[in-house]
Amino acid sequence: FHLQGPDALQFFSDVSVNGFSGYEVGQAKHLSLCNERGKLMGEGILMRLAGDEFLFTSGPGVPWVAYRHEQGGYRSRATLFGAEHFIVQVQGPASLYLLEQVCGESLRDIGFMRFRRARIGDMAFDLLRQGMAGELGYELHGRGDDAQAIHQSILDAGRGFGIRRLGGRTKMVNHVEACFPTPSVDYLPALYGPDQQPYHDWCGKHFRSMVTARPSTAGSLRFDDLSALTRSPVELGWAKSIRCDHAFTGRAALEAELASPRRKMVTLVWNSEDVIDVYASLFRDGEPYEPMEMPRNLLGCMHVDDVLDGDQSVGASTSRCYSHSFRQMLSLCTIDVARGEPGTPVTVVWGAPGRPQKRVRATVAPAPYKRDNRRIDVAALPARFGR
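The opening residue of the sequence shown carries number 2 in the numbering used here; numbering runs sequentially from there.
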(Lines of atoms letter the chains of each structure in order from A and count residues from 1; the text may use other names and numbers.)
(Lines give C-alpha, C1' and ligand atoms only; values in the text may rest on other atoms or scores of the structure.)
Protein backbone atom coordinates (compact mmCIF):
# COMPACT_ATOMS: atom_id res chain seq x y z
CA PHE A 1 0.00 0.00 0.00
CA HIS A 2 1.75 3.12 -1.27
CA LEU A 3 0.48 6.50 -0.05
CA GLN A 4 1.65 9.94 -1.10
CA GLY A 5 0.30 13.40 -0.38
CA PRO A 6 0.12 16.15 2.26
CA ASP A 7 -2.26 14.14 4.49
CA ALA A 8 -0.38 10.84 4.27
CA LEU A 9 1.27 11.06 7.70
CA GLN A 10 -1.96 12.24 9.32
CA PHE A 11 -3.78 9.27 7.84
CA PHE A 12 -1.43 6.72 9.39
CA SER A 13 -1.59 8.59 12.70
CA ASP A 14 -5.39 8.37 12.63
CA VAL A 15 -5.57 4.63 11.96
CA SER A 16 -2.65 3.25 14.02
CA VAL A 17 -1.86 3.06 17.72
CA ASN A 18 1.73 4.19 17.16
CA GLY A 19 3.22 7.60 17.79
CA PHE A 20 4.90 9.52 14.99
CA SER A 21 6.92 12.15 16.82
CA GLY A 22 10.42 12.21 15.36
CA TYR A 23 9.52 9.75 12.60
CA GLU A 24 12.17 10.31 9.94
CA VAL A 25 12.57 9.61 6.25
CA GLY A 26 14.43 6.30 5.97
CA GLN A 27 12.83 4.93 9.14
CA ALA A 28 10.40 2.01 9.47
CA LYS A 29 7.76 1.25 12.10
CA HIS A 30 5.73 -1.79 13.08
CA LEU A 31 2.14 -0.52 12.97
CA SER A 32 -0.85 -1.93 14.85
CA LEU A 33 -4.25 -1.14 13.33
CA CYS A 34 -7.34 -1.56 15.52
CA ASN A 35 -11.10 -1.16 15.39
CA GLU A 36 -13.04 0.86 17.95
CA ARG A 37 -13.03 -2.12 20.35
CA GLY A 38 -9.23 -2.12 20.36
CA LYS A 39 -9.01 -5.40 18.43
CA LEU A 40 -6.47 -5.79 15.66
CA MET A 41 -7.60 -5.43 12.07
CA GLY A 42 -4.03 -5.99 10.92
CA GLU A 43 -0.41 -5.04 11.47
CA GLY A 44 2.61 -4.50 9.30
CA ILE A 45 5.67 -2.43 8.46
CA LEU A 46 5.47 1.24 7.47
CA MET A 47 8.44 2.79 5.64
CA ARG A 48 8.76 6.56 5.25
CA LEU A 49 10.12 7.02 1.73
CA ALA A 50 9.91 10.84 1.70
CA GLY A 51 8.27 13.62 3.69
CA ASP A 52 4.86 12.87 2.21
CA GLU A 53 5.41 9.35 0.82
CA PHE A 54 5.01 5.99 2.60
CA LEU A 55 4.98 2.26 1.85
CA PHE A 56 2.99 -0.09 4.10
CA THR A 57 3.43 -3.86 3.75
CA SER A 58 1.03 -6.27 5.41
CA GLY A 59 -1.47 -9.05 4.84
CA PRO A 60 -4.87 -8.16 6.31
CA GLY A 61 -3.65 -4.68 7.20
CA VAL A 62 -3.58 -3.57 3.55
CA PRO A 63 -7.33 -3.94 2.88
CA TRP A 64 -8.08 -2.16 6.16
CA VAL A 65 -5.94 0.90 5.38
CA ALA A 66 -7.24 0.97 1.80
CA TYR A 67 -10.80 0.98 3.14
CA ARG A 68 -10.11 3.62 5.77
CA HIS A 69 -8.33 5.85 3.27
CA GLU A 70 -11.20 5.59 0.80
CA GLN A 71 -13.69 6.54 3.52
CA GLY A 72 -11.67 9.40 5.00
CA GLY A 73 -11.35 12.05 2.29
CA TYR A 74 -7.61 12.50 2.83
CA ARG A 75 -5.48 14.64 0.51
CA SER A 76 -3.28 11.75 -0.56
CA ARG A 77 -3.13 9.22 -3.37
CA ALA A 78 -3.21 5.50 -2.58
CA THR A 79 -1.76 2.82 -4.85
CA LEU A 80 -1.89 -0.93 -4.28
CA PHE A 81 1.22 -2.81 -5.35
CA GLY A 82 1.17 -6.44 -6.43
CA ALA A 83 3.61 -8.32 -8.63
CA GLU A 84 5.26 -5.05 -9.66
CA HIS A 85 6.89 -4.89 -6.20
CA PHE A 86 9.04 -7.63 -4.63
CA ILE A 87 10.10 -8.37 -1.06
CA VAL A 88 13.01 -10.71 -0.27
CA GLN A 89 14.20 -11.45 3.26
CA VAL A 90 17.74 -12.46 4.23
CA GLN A 91 17.99 -13.41 7.90
CA GLY A 92 20.67 -14.62 10.27
CA PRO A 93 24.12 -13.75 11.66
CA ALA A 94 25.74 -14.00 8.21
CA SER A 95 23.13 -11.83 6.46
CA LEU A 96 25.19 -8.63 6.71
CA TYR A 97 28.33 -10.25 5.27
CA LEU A 98 26.42 -11.85 2.41
CA LEU A 99 24.64 -8.64 1.45
CA GLU A 100 27.83 -6.57 1.71
CA GLN A 101 29.49 -8.99 -0.67
CA VAL A 102 26.70 -9.05 -3.22
CA CYS A 103 26.09 -5.28 -3.02
CA GLY A 104 29.80 -4.45 -3.11
CA GLU A 105 29.67 -1.90 -0.28
CA SER A 106 29.53 -1.56 3.50
CA LEU A 107 25.99 -1.64 4.88
CA ARG A 108 26.90 -0.97 8.51
CA ASP A 109 25.44 2.52 8.43
CA ILE A 110 21.90 1.08 8.33
CA GLY A 111 20.50 1.06 11.87
CA PHE A 112 17.75 -1.20 13.16
CA MET A 113 14.40 -0.43 11.47
CA ARG A 114 16.15 1.95 9.07
CA PHE A 115 16.53 1.61 5.32
CA ARG A 116 18.28 3.18 2.34
CA ARG A 117 18.90 2.54 -1.33
CA ALA A 118 21.32 -0.21 -2.31
CA ARG A 119 22.18 -2.01 -5.54
CA ILE A 120 23.06 -5.41 -6.88
CA GLY A 121 24.63 -4.74 -10.25
CA ASP A 122 22.40 -2.21 -11.98
CA MET A 123 19.31 -3.20 -9.95
CA ALA A 124 18.37 -0.71 -7.21
CA PHE A 125 16.14 -1.42 -4.21
CA ASP A 126 15.41 -0.27 -0.66
CA LEU A 127 17.31 -2.28 1.96
CA LEU A 128 15.57 -2.41 5.36
CA ARG A 129 17.31 -3.75 8.44
CA GLN A 130 14.84 -5.68 10.62
CA GLY A 131 15.08 -9.29 11.82
CA MET A 132 12.17 -11.71 11.48
CA ALA A 133 14.08 -14.58 13.08
CA GLY A 134 15.12 -12.66 16.18
CA GLU A 135 18.57 -12.29 14.61
CA LEU A 136 20.27 -9.70 12.45
CA GLY A 137 18.26 -9.57 9.25
CA TYR A 138 17.38 -7.53 6.19
CA GLU A 139 14.47 -7.07 3.81
CA LEU A 140 14.84 -5.96 0.19
CA HIS A 141 12.06 -3.95 -1.51
CA GLY A 142 12.29 -3.33 -5.25
CA ARG A 143 10.82 -3.59 -8.75
CA GLY A 144 9.09 -6.85 -9.52
CA ASP A 145 10.97 -7.14 -12.82
CA ASP A 146 14.22 -7.46 -10.86
CA ALA A 147 12.96 -10.03 -8.35
CA GLN A 148 14.25 -13.22 -9.95
CA ALA A 149 17.67 -11.82 -10.80
CA ILE A 150 18.18 -10.38 -7.31
CA HIS A 151 16.96 -13.58 -5.67
CA GLN A 152 19.36 -15.68 -7.74
CA SER A 153 22.27 -13.31 -7.09
CA ILE A 154 21.73 -13.68 -3.35
CA LEU A 155 21.52 -17.47 -3.58
CA ASP A 156 24.67 -17.67 -5.70
CA ALA A 157 26.66 -15.42 -3.36
CA GLY A 158 25.16 -17.15 -0.34
CA ARG A 159 26.62 -20.57 -1.06
CA GLY A 160 29.81 -19.56 0.69
CA PHE A 161 27.81 -18.56 3.76
CA GLY A 162 25.68 -21.70 4.00
CA ILE A 163 22.50 -19.97 2.84
CA ARG A 164 19.28 -21.99 2.92
CA ARG A 165 15.80 -21.30 1.60
CA LEU A 166 13.15 -21.85 4.27
CA GLY A 167 9.78 -23.40 3.56
CA GLY A 168 6.54 -22.23 5.13
CA ARG A 169 6.69 -24.61 8.09
CA THR A 170 10.29 -23.89 9.08
CA LYS A 171 10.02 -20.15 8.56
CA MET A 172 7.12 -20.03 11.01
CA VAL A 173 9.13 -21.80 13.71
CA ASN A 174 11.21 -18.62 13.81
CA HIS A 175 8.03 -16.65 14.50
CA VAL A 176 7.44 -18.74 17.63
CA GLU A 177 10.98 -18.71 19.01
CA ALA A 178 11.26 -14.94 18.44
CA CYS A 179 7.58 -14.21 19.27
CA PHE A 180 6.13 -12.68 16.13
CA PRO A 181 2.39 -13.42 16.42
CA THR A 182 1.00 -13.85 12.92
CA PRO A 183 -2.50 -13.04 11.60
CA SER A 184 -4.69 -16.04 10.75
CA VAL A 185 -2.18 -18.20 12.64
CA ASP A 186 -2.07 -16.72 16.16
CA TYR A 187 -5.07 -14.40 15.91
CA LEU A 188 -7.85 -13.49 13.52
CA PRO A 189 -8.28 -9.95 12.21
CA ALA A 190 -11.46 -8.51 13.73
CA LEU A 191 -13.26 -8.69 10.39
CA TYR A 192 -16.32 -10.50 11.70
CA GLY A 193 -19.31 -9.20 13.65
CA PRO A 194 -22.13 -6.73 12.99
CA ASP A 195 -19.98 -3.67 13.77
CA GLN A 196 -17.68 -4.59 10.88
CA GLN A 197 -20.39 -5.30 8.29
CA PRO A 198 -19.65 -2.21 6.14
CA TYR A 199 -15.98 -3.20 5.94
CA HIS A 200 -16.91 -6.83 5.34
CA ASP A 201 -19.12 -5.78 2.42
CA TRP A 202 -16.38 -3.52 1.03
CA CYS A 203 -13.86 -6.38 1.13
CA GLY A 204 -16.36 -8.52 -0.76
CA LYS A 205 -16.03 -6.09 -3.66
CA HIS A 206 -12.34 -5.20 -3.50
CA PHE A 207 -10.59 -8.05 -1.62
CA ARG A 208 -12.90 -10.96 -2.26
CA SER A 209 -10.52 -13.60 -0.90
CA MET A 210 -10.76 -11.98 2.55
CA VAL A 211 -14.44 -12.84 3.00
CA THR A 212 -15.38 -15.66 0.62
CA ALA A 213 -14.76 -18.45 3.15
CA ARG A 214 -14.94 -18.85 6.90
CA PRO A 215 -11.45 -19.08 8.42
CA SER A 216 -10.32 -22.65 8.94
CA THR A 217 -9.78 -23.53 12.60
CA ALA A 218 -8.79 -26.63 14.54
CA GLY A 219 -7.75 -27.60 18.05
CA SER A 220 -9.34 -28.15 21.44
CA LEU A 221 -10.44 -24.60 22.27
CA ARG A 222 -14.22 -24.23 22.25
CA PHE A 223 -15.71 -20.89 21.22
CA ASP A 224 -19.12 -19.58 20.21
CA ASP A 225 -18.02 -17.15 17.52
CA LEU A 226 -14.86 -16.02 15.77
CA SER A 227 -14.48 -12.95 17.98
CA ALA A 228 -12.93 -15.30 20.56
CA LEU A 229 -9.91 -15.53 18.27
CA THR A 230 -9.36 -11.78 17.86
CA ARG A 231 -6.67 -10.05 19.90
CA SER A 232 -5.53 -6.60 20.95
CA PRO A 233 -1.98 -5.24 20.71
CA VAL A 234 -1.80 -5.50 24.51
CA GLU A 235 -2.57 -9.23 24.43
CA LEU A 236 0.10 -9.85 21.79
CA GLY A 237 2.86 -8.04 23.68
CA TRP A 238 2.88 -4.80 21.71
CA ALA A 239 1.69 -2.46 24.47
CA LYS A 240 4.93 -0.45 24.38
CA SER A 241 4.14 0.76 20.86
CA ILE A 242 0.80 2.30 21.90
CA ARG A 243 0.97 6.09 22.20
CA CYS A 244 -2.13 7.71 23.65
CA ASP A 245 -0.89 11.19 22.74
CA HIS A 246 -3.10 11.46 19.65
CA ALA A 247 -6.56 10.51 18.44
CA PHE A 248 -6.69 7.08 16.79
CA THR A 249 -9.22 4.34 16.22
CA GLY A 250 -9.57 2.19 19.34
CA ARG A 251 -7.83 4.58 21.73
CA ALA A 252 -10.53 4.54 24.45
CA ALA A 253 -10.69 0.74 24.51
CA LEU A 254 -6.91 0.38 24.63
CA GLU A 255 -6.51 2.98 27.38
CA ALA A 256 -8.91 0.95 29.51
CA GLU A 257 -7.05 -2.27 28.72
CA LEU A 258 -3.66 -0.75 29.47
CA ALA A 259 -4.96 0.31 32.89
CA SER A 260 -6.12 -3.23 33.67
CA PRO A 261 -4.74 -5.83 31.24
CA ARG A 262 -6.44 -9.22 31.32
CA ARG A 263 -4.20 -11.35 29.11
CA LYS A 264 -0.59 -11.37 27.94
CA MET A 265 1.61 -13.21 25.45
CA VAL A 266 3.93 -15.96 26.69
CA THR A 267 5.74 -19.02 25.36
CA LEU A 268 4.72 -22.49 26.49
CA VAL A 269 7.33 -25.25 26.75
CA TRP A 270 5.55 -28.57 26.32
CA ASN A 271 6.50 -31.58 28.44
CA SER A 272 8.60 -33.89 26.26
CA GLU A 273 7.32 -37.13 27.83
CA ASP A 274 3.72 -36.14 27.14
CA VAL A 275 4.56 -35.14 23.57
CA ILE A 276 6.32 -38.48 23.00
CA ASP A 277 3.21 -40.27 24.28
CA VAL A 278 1.14 -38.56 21.57
CA TYR A 279 3.39 -40.12 18.93
CA ALA A 280 3.55 -43.45 20.80
CA SER A 281 -0.24 -43.71 20.58
CA LEU A 282 0.15 -44.28 16.83
CA PHE A 283 1.74 -47.65 17.64
CA ARG A 284 -0.76 -48.83 20.27
CA ASP A 285 -4.14 -50.49 19.93
CA GLY A 286 -7.12 -48.17 19.95
CA GLU A 287 -7.72 -44.77 18.43
CA PRO A 288 -4.53 -42.67 18.57
CA TYR A 289 -4.22 -39.05 19.54
CA GLU A 290 -4.13 -36.49 16.77
CA PRO A 291 -0.60 -36.55 15.32
CA MET A 292 1.58 -33.48 15.76
CA GLU A 293 2.87 -32.41 12.35
CA MET A 294 6.57 -31.64 12.21
CA PRO A 295 7.91 -29.12 12.69
CA ARG A 296 4.40 -27.57 12.71
CA ASN A 297 1.13 -27.57 10.78
CA LEU A 298 0.91 -25.84 7.44
CA LEU A 299 -0.45 -22.33 7.09
CA GLY A 300 -4.10 -21.91 6.16
CA CYS A 301 -5.57 -23.28 9.39
CA MET A 302 -5.54 -21.58 12.79
CA HIS A 303 -4.90 -24.35 15.34
CA VAL A 304 -5.93 -23.17 18.83
CA ASP A 305 -5.73 -25.33 21.94
CA ASP A 306 -7.28 -24.80 25.34
CA VAL A 307 -4.83 -24.06 28.18
CA LEU A 308 -5.91 -25.07 31.68
CA ASP A 309 -5.00 -24.41 35.28
CA GLY A 310 -6.57 -27.46 36.87
CA ASP A 311 -9.92 -27.59 35.08
CA GLN A 312 -10.16 -23.83 34.53
CA SER A 313 -9.50 -22.43 31.06
CA VAL A 314 -6.85 -19.71 31.36
CA GLY A 315 -5.45 -19.29 27.86
CA ALA A 316 -5.26 -20.17 24.19
CA SER A 317 -2.21 -21.88 22.70
CA THR A 318 -1.29 -21.33 19.03
CA SER A 319 1.56 -22.14 16.62
CA ARG A 320 2.62 -25.38 18.30
CA CYS A 321 5.98 -26.27 16.76
CA TYR A 322 9.11 -28.33 17.27
CA SER A 323 12.21 -26.20 17.75
CA HIS A 324 15.31 -27.95 16.46
CA SER A 325 17.45 -25.27 18.12
CA PHE A 326 16.04 -25.93 21.59
CA ARG A 327 15.00 -29.59 21.09
CA GLN A 328 11.61 -28.69 22.55
CA MET A 329 7.97 -28.43 21.54
CA LEU A 330 6.95 -24.79 21.92
CA SER A 331 3.89 -22.67 21.33
CA LEU A 332 2.74 -19.11 21.76
CA CYS A 333 -0.04 -18.53 24.27
CA THR A 334 -2.37 -15.69 25.14
CA ILE A 335 -2.87 -16.31 28.85
CA ASP A 336 -4.50 -14.70 31.87
CA VAL A 337 -2.07 -12.24 33.43
CA ALA A 338 -2.23 -14.03 36.79
CA ARG A 339 -0.91 -17.24 35.16
CA GLY A 340 1.67 -15.54 32.97
CA GLU A 341 4.75 -15.64 35.20
CA PRO A 342 7.67 -17.74 33.89
CA GLY A 343 7.77 -21.14 35.55
CA THR A 344 3.99 -21.40 36.05
CA PRO A 345 2.75 -24.94 35.28
CA VAL A 346 -0.29 -25.27 33.00
CA THR A 347 -1.90 -27.97 30.87
CA VAL A 348 -2.53 -27.89 27.11
CA VAL A 349 -5.44 -29.97 25.86
CA TRP A 350 -4.28 -31.66 22.64
CA GLY A 351 -6.97 -33.07 20.37
CA ALA A 352 -10.31 -31.92 18.99
CA PRO A 353 -13.48 -32.17 21.10
CA GLY A 354 -15.12 -35.57 20.64
CA ARG A 355 -11.81 -37.23 19.77
CA PRO A 356 -9.12 -38.70 22.04
CA GLN A 357 -7.52 -35.84 23.96
CA LYS A 358 -4.15 -35.75 25.67
CA ARG A 359 -3.50 -33.39 28.55
CA VAL A 360 0.03 -32.17 27.91
CA ARG A 361 1.89 -30.59 30.78
CA ALA A 362 3.53 -27.28 29.89
CA THR A 363 5.51 -24.53 31.58
CA VAL A 364 5.13 -20.80 31.02
CA ALA A 365 8.27 -19.13 29.65
CA PRO A 366 9.04 -15.61 28.41
CA ALA A 367 8.13 -14.46 24.92
CA PRO A 368 10.35 -14.16 22.98
CA TYR A 369 11.84 -17.48 24.06
CA LYS A 370 15.17 -16.97 22.35
CA ARG A 371 17.56 -14.10 22.91
CA ASP A 372 16.69 -11.06 20.78
CA ASN A 373 19.73 -10.31 18.62
CA ARG A 374 18.07 -8.00 16.10
CA ARG A 375 19.68 -4.84 17.45
CA ILE A 376 23.25 -6.13 17.50
CA ASP A 377 25.88 -3.42 16.97
CA VAL A 378 27.04 -4.20 13.44
CA ALA A 379 29.83 -1.61 13.66
CA ALA A 380 31.51 -3.85 16.24
CA LEU A 381 31.36 -6.97 14.06
CA PRO A 382 34.53 -8.28 12.38
CA ALA A 383 35.19 -7.12 8.84
CA ARG A 384 34.87 -10.69 7.56
CA PHE A 385 32.45 -13.45 8.47
CA GLY A 386 33.90 -15.97 10.90
CA ARG A 387 36.89 -13.81 11.83
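For each residue, glycine too, the CB sits at the ideal point set by N, CA and C.
In summary, residue 368 is buried, with 16 or more beta-carbon neighbours lying within 10 Å of its beta-carbon over all protein chains present.
In the structure shown, residue 138 falls within a strand segment according to DSSP collapsed to helix, strand and coil. Burial check for residue 224: the Cβ neighbour count within 10 Å stays below 16, so the residue is exposed. When only Cα atoms are considered, residue 132 and residue 70 end up about 29 Å apart. Taken in chain order, the unbroken stretches of alpha helix (DSSP H) that lie wholly in the stretch 191 to 220 and span 4 residues or more are 198 to 207. Residue 186 counts as buried, since no fewer than 16 other beta carbons sit within 10 angstroms of its beta carbon.
With 16 or more other Cβ atoms inside 10 Å of its own Cβ, residue 178 counts as buried. The C-alpha of residue 45 is placed about 14 Å away from the C-alpha of residue 28.
Less than 9 Å divides the Cβ of residue 299 from the Cβ of residue 169. Per the DSSP secondary-structure output, residue 188 pairs in a beta bridge with 184. About 35 Å separates the CB atoms of residue 81 and residue 162; that is not less than 8 Å, and the two are not in contact. Cβ atoms of residue 334 and residue 296 stay farther apart than 8 Å, at about 18 Å.
With a threshold of 16 other beta carbon atoms within 10 Å, residue 283 falls short and is exposed.
Judged by their CB atoms, residue 43 and residue 184 are nearer to each other than the 9 Å cut-off. For residue 250, the secondary structure class from DSSP, reduced to helix, strand or coil, is coil.
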